[in-house]
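Single-structure report; data block below.
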Amino acid sequence: MHENLFTPVTAGALAAKNRIVMAPMTRNRAGAGEAPGELNAEYYAQRAGAGLIITEGTQPSAEGQGYPHTPGLHTDRQREGWRTVAEAVHAEGGLIVGQIMHAGRISHPSIIGQAPLAPSAVRPDGEVFTGTGTEPFEEPREATTAEVEALVREYADAARVAIEAGLDGVELHGANGYLIAQFGATGTNHRTDRFGGDATGRATFLRETVAAAVAAVGADRVGLRLSPGNPFNDLQDDEPREGFHAALAIAEEAGLAYVHVCETAPDAGWSAVADARERFSGTLIASNGFTQEWSFADMDALVADGKADLVAIGRRFLANPDLTERIRTGAELNAPDEGTFYGGGAEGYVDYPTLQAAA
Ligand SMILES: Cc1cc2nc3c(=O)[nH]c(=O)nc-3n(C[C@H](O)[C@H](O)[C@H](O)COP(=O)(O)O)c2cc1C
288 MHENLFTPVT
298 AGALAAKNRI
308 VMAPMTRNRA
318 GAGEAPGELN
328 AEYYAQRAGA
338 GLIITEGTQP
348 SAEGQGYPHT
358 PGLHTDRQRE
368 GWRTVAEAVH
378 AEGGLIVGQI
388 MHAGRISHPS
398 IIGQAPLAPS
408 AVRPDGEVFT
418 GTGTEPFEEP
428 REATTAEVEA
438 LVREYADAAR
448 VAIEAGLDGV
458 ELHGANGYLI
468 AQFGATGTNH
478 RTDRFGGDAT
488 GRATFLRETV
498 AAAVAAVGAD
508 RVGLRLSPGN
518 PFNDLQDDEP
528 REGFHAALAI
538 AEEAGLAYVH
548 VCETAPDAGW
558 SAVADARERF
568 SGTLIASNGF
578 TQEWSFADMD
588 ALVADGKADL
598 VAIGRRFLAN
608 PDLTERIRTG
618 AELNAPDEGT
628 FYGGGAEGYV
638 DYPTLQAAA
């Protein structure tokens with residue numbers, strides 16, 4: 288079934304065996320030193336049937352961490368942990384890129400020991416999960432221009448570490464209200480230096496980050512995820528489409544390996560996936576985002592109609608290690624257990640049964 292999802296495709300230097308991407312998912316199960324280990328390697332290797340795995344969001348610095356026990360990409364120990372993961376995935380014939388995620392204001396002093404850095408001192412509404420409970424967000428500290436320039440370098444350094452570790456590439460996390468999205472949005476970026484201003488000015492942080500990552504590891508190993516109009520993490524943006532178009536122009540000019548777009552909400556009146564197809568000539572990964580769910584038939588049609596090159600799947604991949612096989616054969620799916628999404632150990636992580644195990 289759904290045979291259009293089972294043809295190979297390339298994204299820059301990445302040669303995927305099928306069109307099914309495992310979406311990035313934070314699972315809060317890093318080991319000591321916020322480094323991945325054998326358990327994480329097992330989890331990702333189980334899902335190597337994907338054409339491409341995108342890892343959970345990974346902080347490029349200790350200050351970029353947003354949640355407890357998320358893995359980093361900035362120490363020797365973390366690099367060696369990712370090497371274990373990359374080798375395990377490659378041994379199963381998979382492909383894996385590391386998602387670089389600086390949380391910006393979506394963090395808390397109890398997690399990073401200081402006030403979070405952000406484009407502007409705008410406190411998010413809501414509460415942060417600290418590992419022991421929830422606390423209200425605090426006002427972040429506005430980064431100086433020099434600090435913003437250092438943030439740009441962090442992404443490039445993390446990209447270098449990812450490639451040294453043997454990961455196949457990196458995805459810059461420009462979606463879901465984290466640092467890159469905070470720079471892009473009107474509600475969170477009130478800066479008056481070159482990193483602020485109109486949609487093009489607010490995209491300066493992305494432009495410089497893309498350029499630095501490309502200089503570090505090559506455009507053919509750098510992807511970018513975007514979710515225009517997504518209000519998650521209290522992101523307020525009066526110009527989501529303008530900002531999205533500015534970001535797509537940056538991706539196009541840089542010749543990125545791929546752009547990964549979360550579709551806009553059904554009531555937005557426009558399609559982010561369609562805009563990306565029109566404005567970005569490289570490989571396009573489409574994701575349904577949090578506001579809708581696509582069936583496998585919907586995804587097959589997207590690829591068959593040339594509207595996207597690959598599709599990303601989150602929760603159904605989390606719960607079904609052999610998801611690609613289940614899609615191909617039309618088999619029943621395991622249901623995801625939300626209670627074990629964020630944190631814990633092997634339970635709800637590496638113990639979802641395969642079809643073979645269930646037989
Ligand atoms: C447990 C969980 C963790 C997630 N963590 C991330 C993340 O680290 N980075 C990211 O870009 N998206 C993250 N997402 C969003 C997913 O990548 C995806 O866009 C979302 O789950 C919607 O797709 P789905 O309906 O296929 O699950 C997460 C989603 C879930 C369920």
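Using the working numbering, the letters of the sequence shown correspond one by one to residues 288 to 646. Backbone N, C-alpha and C fix where the C-beta goes; we use that ideal spot for every residue, glycine too.
In this structure, M388 has its CB closer than 7 angstroms to one or more heavy atoms of ligand 1. Taking a contact to require three or more Cβ pairs closer than 8 angstroms, the stretch 320–336 and the stretch 633–643 qualify as touching.
When DSSP states are grouped into helix, strand and coil, Y545 belongs to the strand group.
Taking the C-beta atoms as reference points, F577 is found no nearer than 8 angstroms to V546.
Burial check for M288: the Cβ neighbour count within 10 Å stays below 16, so the residue is exposed. Apart from sequence neighbours up to five positions away, the residues of its chain that approach D609 with a beta-carbon distance below 7 angstroms are G336, T641 and L642, ordered along the chain.
Between the stretch 373–381 and the stretch 441–455, the count of Cβ pairs shorter than 8 angstroms is three or higher; the stretches touch.
CA-CA distance, F470 to V598, rounds to 26 angstroms. Between the stretch 422–442 and the stretch 303–314 there are fewer than three inter-stretch CB-CB distances shorter than 8 angstroms, so the stretches are not counted as touching. Not one heavy atom of ligand 1 sits closer than 7 angstroms to the Cβ of A561.
With distances taken between CA atoms, A559 lies nearest to S514 out of E540, G601 and S514. In this structure, A499 places its C-beta atom within 8 angstroms of the C-beta atom of Y442. Taken through DSSP and simplified to helix, strand or coil, Q643 comes out as helix. The continuous alpha helix (DSSP H) containing A332 extends over residues E325 to Q333. Closest by C-alpha distance to P396, out of A472, F604 and F416, is F416. Inter-residue distance for Q386 and W557 is about 27 angstroms (C-alpha atoms, whole angstroms). Put simply, of L438, E619 and A378 the residue whose alpha carbon is nearest the alpha carbon of V497 is L438. Residues whose Cβ lies closer than 7 angstroms to any heavy atom of ligand 1, listed in chain order: A310, P311, M312, T313, R314, E343, G344, Q386, M388, H460, A462, N463, R512, C549, S574, N575, G576, F577, E580, A599, I600, G601, R602, R603, L605, F628 and Y629. A503 counts as buried, since no fewer than 16 other beta carbons sit within 10 angstroms of its beta carbon. Spatial neighbours of P323 in its own chain (CB-CB distance under 8 angstroms, excluding positions within 5 residues in sequence) are listed in chain order as A317, P358, Q365, G368, W369, T371 and V372. Counting along the chain, H377 sits inside the alpha helix (DSSP H) bounded by residues D363 to A378. Pairing N305 with A408, the inter-Cα distance amounts to about 43 angstroms.
In this structure, the beta-carbon distance from T570 to A544 falls below 8 angstroms. Exclusion of the five residues before and after Q579 leaves E550, A552 and P553 as the residues of its chain whose Cβ lies within less than 8 angstroms of its Cβ. Within the DSSP secondary-structure output, H460 pairs in a beta bridge with R512. Annotated three-state conformation of S397 is helix, per DSSP. According to the DSSP assignment, V415 belongs to the beta strand (DSSP E) that extends over E414 to F416. The beta carbon of Y629 lies closer than 6 angstroms to those of N315 in the same chain, with the five residues before and after it left out. Contact check between the stretch 475–486 and the stretch 344–364: fewer than three CB pairs, one atom from each, fall below 8 angstroms, which does not count as touching.
Distances from the CA of T491 to each of G338, I537 and G474 were compared; the closest alpha carbon is that of I537. S582 counts as exposed, since fewer than 16 other C-beta atoms from the protein chains shown sit within 10 angstroms of its C-beta. The Cβ atoms of I572 and A595 sit closer than 8 angstroms to each other. For H389, the closest of L382, R447 and N463 by C-alpha to C-alpha distance is N463. In this structure, the straight-line span from the alpha carbon of A644 to that of G516 is close to 41 angstroms. Excluding the 5 residues flanking it on each side, R512 has same chain C-beta neighbours closer than 6 angstroms at E458, H460, G461, A462 and H547, in chain order.
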